[in-house]
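*Asks:* Going by full-length UniProt numbering, 93 is the number at position 93 of the sequence shown; the sequence numbering is gapless.
All C-beta atoms in this analysis are idealised placements derived from N, C-alpha and C, irrespective of residue type, glycine included.
Note that the structure is a prediction, hence the values are computed from the model and not measured.
Before we start, here is the structure in question, set down as C-alpha cells.
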Amino acid sequence: MKRPDAQYLRAVGLVVRREFLAQVRTKAYRIGLLITALGIVAAAVIYALVHKEGPRTVDIAVTGPLAAVAAQLPETGKAAGLEVRVHADLSDEQARQEVSKGAADVALVGSGAGAYTAVVAKSLDETVSAVLTSVVRTVALNQALSAVGADKTAVLGAVSKATVAVQTLQPVDPHHDERVRMSWVVLILLVMSVISFGVYVAIGVVEEKSSRVVELLLATIRPLQLMWGKVLGIGAAALLQVVVLGAVGSVAGSFAGLITFSWTEAGILLAALAWFILGYLLYSLLYAAAGSLVSRQEEVQGATAPLLLVIMASYFVGITVISEPDNTLGKVLTWIPPLSAFVMPIRIAAGVARPGEIAGSLLLMVLACGLVAMVAAKIYARSILHTGSRITWREAVRAR
Numbered sequence: 001m002k003r004p005d006a007q008y009l010r011a012v013g014l015v016v017r018r019e020f021l022a023q024v025r026t027k028a029y030r031i032g033l034l035i036t037a038l039g040i041v042a043a044a045v046i047y048a049l050v051h052k053e054g055p056r057t058v059d060i061a062v063t064g065p066l067a068a069v070a071a072q073l074p075e076t077g078k079a080a081g082l083e084v085r086v087h088a089d090l091s092d093e094q095a096r097q098e099v100s101k102g103a104a105d106v107a108l109v110g111s112g113a114g115a116y117t118a119v120v121a122k123s124l125d126e127t128v129s130a131v132l133t134s135v136v137r138t139v140a141l142n143q144a145l146s147a148v149g150a151d152k153t154a155v156l157g158a159v160s161k162a163t164v165a166v167q168t169l170q171p172v173d174p175h176h177d178e179r180v181r182m183s184w185v186v187l188i189l190l191v192m193s194v195i196s197f198g199v200y201v202a203i204g205v206v207e208e209k210s211s212r213v214v215e216l217l218l219a220t221i222r223p224l225q226l227m228w229g230k231v232l233g234i235g236a237a238a239l240l241q242v243v244v245l246g247a248v249g250s251v252a253g254s255f256a257g258l259i260t261f262s263w264t265e266a267g268i269l270l271a272a273l274a275w276f277i278l279g280y281l282l283y284s285l286l287y288a289a290a291g292s293l294v295s296r297q298e299e300v301q302g303a304t305a306p307l308l309l310v311i312m313a314s315y316f317v318g319i320t321v322i323s324e325p326d327n328t329l330g331k332v333l334t335w336i337p338p339l340s341a342f343v344m345p346i347r348i349a350a351g352v353a354r355p356g357e358i359a360g361s362l363l364l365m366v367l368a369c370g371l372v373a374m375v376a377a378k379i380y381a382r383s384i385l386h387t388g389s390r391i392t393w394r395e396a397v398r399a400r
C-alpha cells in the first residue's frame with residue numbers, strides 16, 4: 001500500500017517541478033515580477049515625496065497698514081500645520097503683483113472698516129482661509145478691546161481657556177489608516193494573482209490537449225496526477241510572486257511611512273498568504289476543469305468566463321467591505337466560500353475578524369476546497385482526452 005502511494009506522490013512531484021520551472025523560467029514571469037516590484041517601490045517613493053513630513057509652506061503678501069495681521073500670521077499658521085512666510089509692508093498694487101508673479105500664494109489687502117480682501121490666482125486653500133480669518137478676527141477683537149479700555153490679556157486668556165474636549169465611546173485605532181492601506185494591497189494582490197495564475201492553469205491544460213502532449217503524459221501517469229501537478233506547480237510560482245511582492249511592498253511601505261511594520265502587519269501578511277493558498281487552490285482546480293472542457297485556445301475565455309465573474313464580484317464586494325469591514329455584508333460573506341477567500345483577509349487586516357469567525361471561515365473554505373477538488377477531478381478525468389466540440393459545465397458534471 002505504501003509503495004503505490006509513494007509512486008503516486010512522486011509522479012505528482014515531477015509534474016509540480018516541471019510546471020514550476022516552466023513558469024519561473026519564462027521572461028514574462030521574471031520581467032512581470034520585476035516591473036511590478038519596481039512599480040511598488042516607485043509608488044511608495046512618490047507617496048513619500050508628495051506626503052513628506054513637515055509643514056506646508058505658504059507665502060502671504062500683506063500690505064503696510066496691516067502690520068498687526070502680518071505679525072500674527074506665522075504663529076497662527078504654525079498651529080494649523082503651515083509654515084507662513086510673510087511678505088510685509090507692501091502697497092496694494094505690490095501685493096497683487098506678488099500673486100500675479102507667483103511669488104506669493106495669496107495677498108491680503110484692507111478694504112476699509114475692518115474688511116479685508118484675499119487676492120489669489122485661482123482659489124483659496126481652506127486651511128489658509130481659516131488662518132487668515134482667525135488672525136483678522138483676533139486683530140479686530142484686540143482693537144475693539146483697546147477702544148473700550150478693557151484688559152486685553154485677561155479677556156483673551158479667558159477666551160483661550162474655552163475649549164472642547166473630545167471623548168470617544170469606542171476605542172480609536174491609531175493604525176486605522178495603515179489597516180485600510182493593507183486591506184487594499186491584500187485585495188488587489190489576491191485578485192490579480194488568482195485570475196492571472198488561474199488562467200495560466202487553464203491555458204496550460206488546453207495547450208497540452210491541442211498538441212496531443214496530454215496523450216503521451218497520460219500513458220505514464222493518471223489524469224488526476226497531471227491535474228494536481230499542474231495546479232500545485234503553477235501555484236508554487238504564484239506563491240513565490242505573492243511572497244516577493246508582499247515583502248517588497250512591506251519594506252517600501254515601511255520606508256515611505258505608509259505602514260509601521262510590526263507583528264500585526266506580519267500577521268496580516270501571513271493571513272493573506274493562507275487565504276491566497278486556499279483561494280488559489282479552489283479557483284485553480286475549477287480553471288483546470290474549465291480548460292479540460294475545450295480543445296482550442298480561442299475557447300478558453302468562454303469556458304472560464306463564469307469563474308471570472310465570480311472573482312470580479314468578490315472584488316467589488318471586497319471594496320465595499322474595506323469601507324466598512326464590520327458591516328452585516330462582511331459578516332455574512334465571511335461564511336460563504338468562495339467569496340470568503342477575498343472578504344476574510346480584508347476583515348483580518350481591518351482588525352475586526354474574531355477568532356471564532358476566522359476558524360469557522362477557514363474550516364468552511366477547506367471543506368469547499370475539498371468539494372471543489374472532487375468535482376474538478378471528475379470533470380478533468382472525463383474531459384481531458386475529449387477533442388472536438390466544447391463540453392458545457394452541465395454536461396461535464398452530469399456525465400457518467
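Please classify L385: is it buried, with 16 or more other beta-carbons within 10 angstroms of its beta-carbon, or exposed?
*Replies:* Sequence index remark: in the sequence shown, residue 385 carries index 385 (1-based). Answer is exposed; the Cβ neighbour count stays below 16.
*Asks:* Are the region 213 to 227 and the region 301 to 311 touching, with three or more C-beta to C-beta distances below 8 Å?
*Replies:* Verdict: no, contact absent.
*Asks:* Does Q23 pass the burial test, meaning 16 or more other C-beta atoms within 10 Å, or should it be called exposed?
*Replies:* Position 23 of the sequence shown, counted from the start, is the residue given in the question as residue 23. Result: buried.
*Asks:* My output table needs one value for K2: the three-state DSSP class, helix, strand or coil.
*Replies:* Residue numbering aside, residue 2 sits at position 2 when the sequence shown is read from its first letter. Caution applies to K2, whose pLDDT of 45 falls short of 50 and renders its modelled position unreliable; the value that the coordinates give is listed next. Helix.
*Asks:* Mind reading off the beta-carbon distance from A289 to A376? Whole number of angstroms is fine, and I expect it under 8 Å.
*Replies:* On the sequence shown, position 289 is the one that residue 289 refers to. On the sequence shown, position 376 is the one that residue 376 refers to. A289 to A376, Cβ: 4 Å. Contact.
*Asks:* Compare the beta carbon distance of A373 and L285 with 9 Å and say whether it is the shorter of the two.
*Replies:* Working through the sequence shown from its first residue, we reach residue 373 at position 373. Working through the sequence shown from its first residue, we reach residue 285 at position 285. Yes.
*Asks:* Counting only the same chain and skipping the five closest in sequence on each side, list residues whose C-beta sits under 6 Å from that of M1.
*Replies:* Walking along the sequence shown from the start, residue 1 turns up at place 1. Low confidence applies to M1: its pLDDT is 40, below 50, so where it sits in the model is not reliable enough to give any reading.
*Asks:* Could you check where the alpha helix (DSSP H) with A359 kicks off and where it finishes?
*Replies:* The count along the sequence shown starts at 1 and reaches residue 359 at position 359. Taken as a continuous stretch (DSSP letters only), the alpha helix (DSSP H) holding A359 covers P355 to S383.
*Asks:* For W184 and R17, what's the separation of their Cα atoms in angstroms?
*Replies:* Looking up residue 184 in the sequence shown gives position 184. Looking up residue 17 in the sequence shown gives position 17. Approximately 32 Å between the Cα atoms of the pair.
*Asks:* Going by beta carbon distance, what residues of the same chain come within less than 7 Å of Q245, once the five residues before and after it are set aside?
*Replies:* For the purposes of this step, residue 245 is taken as the residue at position 245 of the sequence shown. Looking at the sequence itself, residue 245 is Leu, so the reference to Gln does not match. Same-chain partners within the cutoff: T36, A37, I40 and L189.
*Asks:* Can you round the beta-carbon distance between V86 and A107 to whole angstroms, since I take them to be within the 8 Å contact cut?
*Replies:* Reading the sequence shown from its first residue, position 86 is the one you call residue 86. Reading the sequence shown from its first residue, position 107 is the one you call residue 107. Their Cβ separation, rounded to whole angstroms, is 11 Å, which puts V86 and A107 out of contact at 8 Å.
*Asks:* Check each candidate in D89, P171, S292 and V164 and name the one with the smallest Cα separation from L226.
*Replies:* Residue mapping note: residue 226 aligns to position 226 of the sequence shown, counting from 1. Closest option to L226, Cα to Cα, is S292.
*Asks:* Among V242, Q297, L270 and T334, which residue has its Cα nearest to the Cα of R30?
*Replies:* Taking the sequence shown and counting its residues from 1, one reaches residue 30 at position 30. Of V242, Q297, L270 and T334, the residue nearest in Cα terms is V242.
*Asks:* Could you tell me the distance, in whole angstroms, from the CA atom of A368 to the CA atom of L282?
*Replies:* In the sequence shown, the residue the question calls residue 368 occupies position 368. In the sequence shown, the residue the question calls residue 282 occupies position 282. In a straight line, the C-alpha of A368 is about 8 Å away from that of L282.
*Asks:* Going by alpha carbons, who is nearest to G249 out of D177, V186 and P325?
*Replies:* Counted from its first residue, the sequence shown places residue 249 at position 249. The shortest Cα separation from G249 among D177, V186 and P325 belongs to V186.
*Asks:* Could you tell me the alpha carbon to alpha carbon distance between T76 and G149, rounded to whole angstroms?
*Replies:* Translated into the one-based positions of the sequence shown, residue 76 becomes position 76. Translated into the one-based positions of the sequence shown, residue 149 becomes position 149. Distance between the alpha carbons of T76 and G149 is about 25 Å.
*Asks:* Taking DSSP as the reference, what is the three-state secondary structure of T57?
*Replies:* Within the sequence shown, the letter at position 57 stands for residue 57. Residue state, collapsed to three classes: strand.
*Asks:* Starting from the C-beta of P223, find all residues in its chain whose C-beta is less than 7 Å away, skip the five residues before and the five after it, and write them out in chain order.
*Replies:* Counting from 1 along the sequence shown, the entry for residue 223 is found at position 223. Cβ within range, chain order: Y380, A381 and I384.
*Asks:* Let's see if you can read the secondary structure: which residues bound the alpha helix (DSSP H) around residue 402?
*Replies:* Given that the chain is displayed from residue 1 to residue 400, the structure contains no residue 402 and the question cannot be resolved.
*Asks:* Suppose contacts are defined by Cβ-Cβ distances below 9 Å. Is V58 in contact with V119 by that definition?
*Replies:* As a position in the sequence shown, residue 58 is number 58, starting the count at 1. As a position in the sequence shown, residue 119 is number 119, starting the count at 1. No.
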